[in-house]
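Asks: Have a look at this one.
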Amino acid sequence: MESLTKNRQTPGTLRAMIAQAYGPDQVPDGDAGWWTELGHGWFNVAYRIRLRSAAEVVLKIAPPPHVEVMTYERGAMATELAALRLIREHTDVPVPAVDHADTSRTLCDADWFVMPYIDADNLGMIRDSLTPADRDAFQEALGAATARLNTIRGPAFGPLTGPGLPTWRAAFTTMIESVLSDGERRAVSLGRPYLEIRTLISDNAGCLDEVTEPRFVEWDLWDNNAMVRDGRIVAIIDHERAFWGDPLIEAGFTGTEQPAFGDSRSFIKGYGHPPLTHPERVRRRLYNLYLTLIMAVEIPYRNLGGADHHTWVHARLTEALALLDASGR
């Protein structure tokens, strides 16, 4: 995926990073043939690299500091490193190991880290070639994996790296307000006045008080972030959007309110969640609004997509607003 946030580096810089991470004896020769950019991500740039030993690794580099990102994306690589550590320490959900991380910004202008290459298929890229039964089985597996991730308890609500807030209502309303502020800064049209949207959120925020315990939330666990092989999930990737919050905000529940995001039934079966109560459905509608606001506001920040993408995103935002409008009726 093409995005303004991709922080591409020269082969010389990539070689210096390899030398730092794995030693000079692992630096490949030449300027080509040993690295390939992995193109499916939207935010960080990622390279598949073959070391001199023939072992393959993935190098991820954060966006350059001069590129403006949305508020919730600041410090995303630190969040990913924290998430990977928590997942490996507290669950059996498969994630890549971190071979080396550098936050000194001496070799390039951003944080970076390297991890082993996962020799598997990206579920999002092969989904259309699968049978319905196989797709359902993978969705059940994603639901089960998400449930295990959500067992990790946190110290407060909000960013994994802090600072946290004592209540989920305070944390979530801060999160969604940051997206609205980002949209105002770029004069993004949301189809309705910003003040009206803020009032709608405030009027429905009481349901957030049901959530009293901070849990690890992956949030971005779509098919594109699952690596699969031989009918099973072998790794979950791209953890930079994780936070402490309400498990019901997880991506797999999105389709319960907006079917355009996919059928959630197999995910929920794997997760083991009972039917949603009315307050839970209102919370889920708030979370759908948060997601669709991000999708609309991020377009100018990353220079994303064409007319079809814009149309689809704004249709989902209109749906999310209408659903929240109807929550009190």
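1 is the number of the first residue of the sequence shown in UniProt numbering; add one for each residue after it. For every residue, glycine included, the Cβ atom is placed at its ideal position computed from N, Cα and C.
1. Specify, as a first and last residue, the run of the beta strand (DSSP E) that W312 falls within.
2. Going by the beta-carbon positions, is the gap between residue 342 and A101 smaller than 9 Å?
3. Run through DSSP, which three-state label would E37 get?
4. Nearest CA to the CA of I61: which residue from R50, A46 and V69?
5. In chain order, what residues of the same chain have a beta carbon less than 6 Å from the beta carbon of residue 338, not counting five sequence neighbours either side?
6. Less than 8 Å between the CB atoms is what I'm expecting for Y271 and G252, so what's the real figure, rounded?
7. Apply the 10 Å Cβ neighbour rule to A110 and answer buried if 16 or more other Cβ atoms are within range, or exposed otherwise.
8. Below 8 Å, how does it come out for the region 313-325 and the region 287-296: are there three or more Cβ pairs, yes or no?
9. L142: which of E68, W222 and L107 sits nearest, CA to CA?
10. Tell me, please, which residues DSSP counts as bridged to M115.
11. Is the Cβ-Cβ distance between L149 and G158 less than 9 Å?
12. Is F43 helix, strand or coil when you go by DSSP?
13. Is A62 close to chain C, meaning its C-beta is less than 9 Å from at least one C-beta of that chain?
14. The beta strand (DSSP E) with M227 in it runs from where to where?
15. Report buried or exposed for N303, applying the criterion of at least 16 other Cβ atoms within 10 angstroms of its Cβ.
16. Under 9 Å, do L130 and M227 count as touching if we go by C-beta distance?
17. Name the DSSP beta bridge partners of G245, please?
18. List in chain order: all unbroken alpha helix (DSSP H) runs of 4+ residues lying wholly within the region 266-309.
19. Starting from H90 and walking both ways along the beta strand (DSSP E), at which residues does that stretch end?
20. Would the beta-carbon of S189 fall within 9 Å of that of M70?
21. Quick one, which of P247, R127, V93 and T318 has its alpha-carbon nearest E213's?
22. How many Å lie between A171 and T311 at the Cα?
23. In the structure shown, what three-state DSSP assignment does residue 331 receive?
24. Considering only their Cβ atoms, is the gap separating D121 from R229 smaller than 9 Å?
25. Does the beta-carbon of T36 have 16 or more other beta-carbons within 10 angstroms, so that it is buried, or is it exposed?
Replies: Looking at the coordinates:
1. The sequence position of residue 312 within the sequence shown is 312, counting from 1. Counting along the chain, W312 falls outside any beta strand (DSSP E), though it belongs to the alpha helix (DSSP H) covering A307 to D325.
2. What is shown of the chain runs 1 to 329, which leaves residue 342 out entirely.
3. In the sequence shown, the residue the question calls residue 37 occupies position 37. If DSSP states are grouped into helix, strand and coil, E37 belongs with the strands.
4. Position 61 of the sequence shown, counting from 1, holds the residue named residue 61. Checking every option, the nearest Cα to that of I61 belongs to A46.
5. The structure shown has nothing for residue 338, since the chain only spans 1 to 329.
6. Walking along the sequence shown from the start, residue 271 turns up at place 271. Walking along the sequence shown from the start, residue 252 turns up at place 252. Contact holds; Cβ gap of about 7 Å.
7. The count along the sequence shown starts at 1 and reaches residue 110 at position 110. Buried is the call here.
8. yes
9. By 1-based counting over the sequence shown, the position of residue 142 is 142. That would be W222, whose Cα lies nearest to the Cα of L142.
10. What you label residue 115 is simply residue 115 of the sequence shown in a count that begins at 1. V58, per the DSSP bridge assignment.
11. Here residue 149 is taken as the residue at index 149 of the sequence shown, counted from 1. Here residue 158 is taken as the residue at index 158 of the sequence shown, counted from 1. Cβ atoms of L149 and G158: not closer than 9 Å.
12. Counted from its first residue, the sequence shown places residue 43 at position 43. Correct three-state label for F43: coil.
13. This model lacks chain C altogether; it includes just one protein chain.
14. Stepping through the sequence shown from its first residue, residue 227 is reached at position 227. First-last of the beta strand (DSSP E) with M227: A226 to R229.
15. Sequence index remark: in the sequence shown, residue 303 carries index 303 (1-based). So N303 ends up on the exposed side.
16. Stepping through the sequence shown from its first residue, residue 130 is reached at position 130. Stepping through the sequence shown from its first residue, residue 227 is reached at position 227. For L130 and M227, no; Cβs fall outside 9 Å.
17. Taking the first residue of the sequence shown as position 1, residue 245 is located at position 245. Answer by DSSP bridge pairing, in chain order: R215.
18. 278-302
19. In the sequence shown, counting from the first residue as 1, residue 90 sits at position 90. Taken as a continuous stretch (DSSP letters only), H90 belongs to no beta strand (DSSP E), being part of the alpha helix (DSSP H) at A76 to H90.
20. The residue you call residue 189 lines up with position 189 of the sequence shown. The residue you call residue 70 lines up with position 70 of the sequence shown. In this structure, M70 does not lie closer than 9 Å to S189 by Cβ.
21. For the purposes of this step, residue 213 is taken as the residue at position 213 of the sequence shown. For the residues P247, R127, V93 and T318, the minimum Cα distance to E213 belongs to P247.
22. Locating residue 171 in the sequence shown gives position 171, where the first residue counts as 1. Locating residue 311 in the sequence shown gives position 311, where the first residue counts as 1. Each residue's Cα considered, the two are about 30 Å apart.
23. This structure leaves residue 331 out entirely; the chain is present only between 1 and 329.
24. Start at 1 with the first residue of the sequence shown, and residue 229 comes out as number 229. Start at 1 with the first residue of the sequence shown, and residue 121 comes out as number 121. Contact: yes.
25. Reading the sequence shown from its first residue, position 36 is the one you call residue 36. With fewer than 16 other Cβ atoms within 10 Å, it is exposed.
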